[in-house]
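J.:
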Amino acid sequence: MTERSNRREFLSRATLGVAAVIAPGALRGAADVFGALTPEPDLVVFNAKVFTMDPARPRAEAFAVKDGRLIAVGTTADIRSLARKGTQSYDAKQMTVVPGFIDTHNHAGGTTLLYEVLVGNPFEVEFVTIASIIDKLRAKAHATPAGTWVDGYFFDDTKLKDKRPLNVHDLDQVSTDHPVVVHHRGGHTSFYNSKAFELAHVTKDTPNPPGGTFDRDEAGELTGRVTDRARNVFNGVGQRASFTAEQRAQRERDGLAHISKQFVRYGLTSVHHEGGDLSALQDVRSRGDLHHRVSYEPSERVLDAMIASGMKTELGDEWIKLGATSEHTVDGSFSERTMALSTPYAGTQYKGNITETQDDLNAWVEKVHRAGIQVNCHANGDVAIDMYLTAIERAQRLLPRADMRPKITHCTLINDDLVRRIKAVGAVPAMFTTYAYYNSDKFVFYGEELMKRCMAFRTLLDAGVPVAAGSDFSPGPFAPLMGIQGMVTRTGWDGKTWGANQRISVDEAVRVNTLNGAYASHEEKLKGSISEGKLADFVVLAEDPHTVAAEKIKDVQIVRTVVGGIVMYQA
Ligand SMILES: [Zn+2]
């Protein structure tokens, strides 16, 4: 609607919005007749700077909500005129309103946040000391029987005040009676103490297995760092803290409820969950503690059950819906420098880790594609993206299916040929967003020439590829505004800028974090913009990210997060 359209047209449009909710299409064409029946909105939001992300009407001042849906979007005067006695009013006082943010790749590890030893800061850039890590783990070891694992989480190797790597000797100071492991937040490397190596029968002479490494120093001694698949030798070794089924379920529920609160605190209204306990998710929802919407991405066990029982992507409702598969891993990590590159890492012979053969990958993609489920693989390096595209192209040749939107989780390092193929198969990359700000200290390992082709938002948007935001929490912080700042500036916390050619505008970055996220889960008709008929998911920001200094975007306060017309967070 334009600002000039008259009131009669406006009312008819408002009614159309409702009609679309009640019975899609049923009242269409009869809107003028039913104009007088425009229902009493539950809520009107007015006097706002609304960035709708709806190409038909990019800006608005106000909107009305009924039964969790947007029924009208327009000017303050138009929308206020819809209010009746029972309508709640919210004067946004010229604050900015955007659609609720959507994170399309998140491990949503609430139990870790709630119950485990955190040796780094999950949400912000913060430097810690190796001594603090040792202290925290030692305290845990004192409360843990000998022989049982002591775990530390959210380690980040470039956020150490010590300016040297964490090593096996540091972790031997925690305990010589317990196996000790520190998990890098990136999820592809871990650091072990001597007891852990001893229990796993790994010595300095143990060869590296396919898809992983036991790192050694110049003298050939184990450093403690173990990458990707080499970590499998520690499975089944030592004792693990044990819980009853009921204790486990309770931890899962409380973890999900905890992280759901964190999501809405940062403005996220929809999150794609990598696996997790589906039963706990439903329990948390029914007890009223699910504040955000979930696209549930099944890991192998649930996926196999889905295939066996004929369940496809999109089964579910507006709160919990089956999405793509969880990421099927093809290569290593961007942040931990194990992703598969076509050229060696600077100053080494090492080209990263491929964790899957092409044949196995082809078979897996074909199996999922045949079942009518949206495929999703983790592919960071150009070599891995090429392998994944090869598998998709093969599956689509064997069984053409329209609009499958294969998801490429991370899709970090591209080249022109990959971009062409991504576009051709209709893939949706779910790319790192907060990394540009949070992980700028790691880009020196790749160098500017590669960084010009990493997290290539500009190139992919220009090619017409609907890239979405995928924080990859725990590896990356999930704050959407930190992500938007990084996408706009390409400048990190340390003031260094990498790959400035990939900068995008604030508007584009908001779209990546909203409408494109909805597209990634086939929900663009349901959410992702402030449009009549869509879910009333939106965020009120204290300042406008379009006009605030670009390096301050991440600090803009989230004033209110609303999901389905319900206030889920209020500052
Ligand atoms: Zn991931």
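Residue numbers 3 to 573, in my numbering, belong to the letters of the sequence shown in order. Glycine is no exception: its CB is placed at the ideal position from the N, C-alpha and C atoms.
Does the region 95-109 come into contact with the region 532-541, if we say contact requires no fewer than three beta-carbon pairs (one atom in each stretch) closer than 8 Å?
T.: They touch, by the three-pair rule.
J.: Between residue 186 and ligand 1, is the CB less than 7 Å from at least one heavy atom?
T.: No, Cβ of residue 186 sits at least 7 Å from all heavy atoms of ligand 1.
J.: Bridge partners of residue 413, per DSSP?
T.: Per DSSP, none; premise fails for residue 413.
J.: Determine whether the beta carbon atoms of residue 421 and residue 398 lie at a separation below 8 Å.
T.: Cβ distance not < 8 Å, so residue 421 and residue 398 don't count as in contact.
J.: Please classify residue 568: does DSSP put it in a helix, a strand, or coil?
T.: Residue 568 falls in the strand class under three-state DSSP.
J.: Run through DSSP, which three-state label would residue 180 get?
T.: Residue state, collapsed to three classes: coil.
J.: Output the residue ranges of the alpha helix (DSSP H) runs that lie fully inside the region 262-292 and measure 4 residues or longer, sorted by chain position.
T.: DSSP runs (the alpha helix (DSSP H)) wholly in the region 262-292: 280-288.
J.: Could you check if residue 90 is buried or exposed, using at least 16 other CB atoms within 10 Å of its CB as the buried criterion?
T.: When all chains shown are included, residue 90 counts as exposed.
J.: Determine the DSSP secondary structure at residue 355, reduced to helix, strand or coil.
T.: Of the three classes helix, strand and coil, the one that applies to residue 355 here is coil, per DSSP.
J.: May I have all residues whose beta carbon comes closer than 7 Å to any heavy atom of ligand 1, sorted in chain order?
T.: Spelled out in chain order, the answer is 107, 109, 189, 276, 329, 380, 411, 474 and 477.
J.: Suppose you measure from the CA of residue 339 to the CA of residue 352; what does that come to, to the nearest Å?
T.: Taking the straight line from one Cα to the other gives about 10 Å.
J.: Does the region 245-260 come close enough to the region 166-175 that 3 or more CB-CB pairs lie under 8 Å?
T.: With a cut-off of 8 Å, the region 245-260 and the region 166-175 do not count as touching, because too few Cβ pairs lie within range.
J.: Runs of 3 residues minimum, wholly inside the region 58-136: which ones carry the beta strand (DSSP E) assignment?
T.: For the region 58-136, whole beta strand (DSSP E) runs of length 3 or above, ordered along the chain, are 64-68, 71-76, 90-93, 98-101 and 103-108.
J.: Quick check: the Cα distance between residue 68 and residue 529, rounded to an integer number of angstroms?
T.: Distance between the alpha carbons of residue 68 and residue 529: 15 Å.
J.: Rounded to whole angstroms, what is the Cα-Cα separation between residue 215 and residue 359?
T.: C-alpha separation (whole angstroms): 17 Å.
J.: Out of 475, 461, 531 and 481, state which residue places its alpha-carbon closest to the alpha-carbon of residue 505.
T.: For residue 505, the nearest C-alpha among the options comes from 461.
J.: Can you grab the Cα-Cα spacing for the pair residue 137 / residue 551, in whole Å?
T.: Residue 137 and residue 551: Cα-Cα distance of roughly 40 Å.
J.: Quick one: complete beta strand (DSSP E) runs, 3+ long, within the region 134-211?
T.: Counting whole runs of 3 or more residues, the region 134-211 contains the beta strand (DSSP E) stretches 152-157, 182-186 and 191-194.
J.: With the cut-off set at 8 Å, would you say residue 199 and residue 347 are in Cβ contact?
T.: No, they are not a contact pair.
J.: Counting Cβ pairs, one atom from each stretch, are 3 or more of them under 8 Å apart for the region 404-422 and the region 373-388?
T.: As far as the Cβ criterion goes, the region 404-422 touches the region 373-388, which means the pair count is three or higher.
J.: Under DSSP, the alpha helix (DSSP H) around residue 347 begins and ends at which residues?
T.: From DSSP, residue 347 is part of no alpha helix (DSSP H); its letter is neither H nor E.
J.: How many angstroms separate the CA atom of residue 25 from the CA atom of residue 326?
T.: At residue 25, the pLDDT of 40 sits below 50, so the modelled position is not reliable and the matter cannot be decided from this model.
J.: What does DSSP give as the partner residues of residue 380 in its beta bridges?
T.: Answer is 331 and 411.
J.: Does the CB of residue 559 have a neighbour CB from chain B at under 8 Å?
T.: No chain B is part of this structure, which consists of one protein chain only.
J.: Does the beta-carbon distance from residue 437 to residue 533 come in below 8 Å?
T.: No, the pair does not count as a contact, with Cβ atoms beyond the cut-off.
J.: Hey, how far is the Cα of residue 451 from the Cα of residue 435?
T.: Spanning the two alpha carbons is a distance of roughly 19 Å.
J.: Once the 5 residues before and after residue 139 are set aside, which same chain residues still bring their CB inside 7 Å of it?
T.: 119, 152, 154, 176 and 182, listed in sequence order.
J.: Rounded C-beta distance between residue 480 and residue 158? I'm assuming under 8 Å.
T.: Wrong, their Cβ atoms sit about 15 Å apart, outside the cutoff.
J.: What number of angstroms, rounded off, separates the C-alpha of residue 286 from the C-alpha of residue 273?
T.: Roughly 15 Å separates the two Cα atoms.
J.: Could you compute how far the alpha carbon of residue 307 sits from the alpha carbon of residue 442?
T.: Their Cα atoms are separated by approximately 40 Å.
J.: Compute the beta-carbon to beta-carbon distance between residue 64 and residue 50, rounded to the nearest angstrom, for a pair I have assumed lies under 8 Å.
T.: Contact flag correct, Cβ pair sits at about 6 Å.
J.: Kindly give me the distance between the Cβ atoms of residue 230 and residue 190, rounded to whole angstroms, as I take these residues to be in contact under 8 Å.
T.: Contact holds; Cβ gap of about 5 Å.
J.: By DSSP, does residue 539 sit in helix, in strand, or in coil?
T.: The answer is coil: DSSP assigns residue 539 none of H, G, I, E or B.
J.: Which residue comes first and which comes last in the beta strand (DSSP E) that contains residue 299?
T.: Here the beta strand (DSSP E) through residue 299 covers 295-299.
J.: Report the option in 522, 445, 456 and 467 whose CA atom is closest to the CA atom of residue 497.
T.: Among 522, 445, 456 and 467, the Cα nearest to that of residue 497 belongs to 445.
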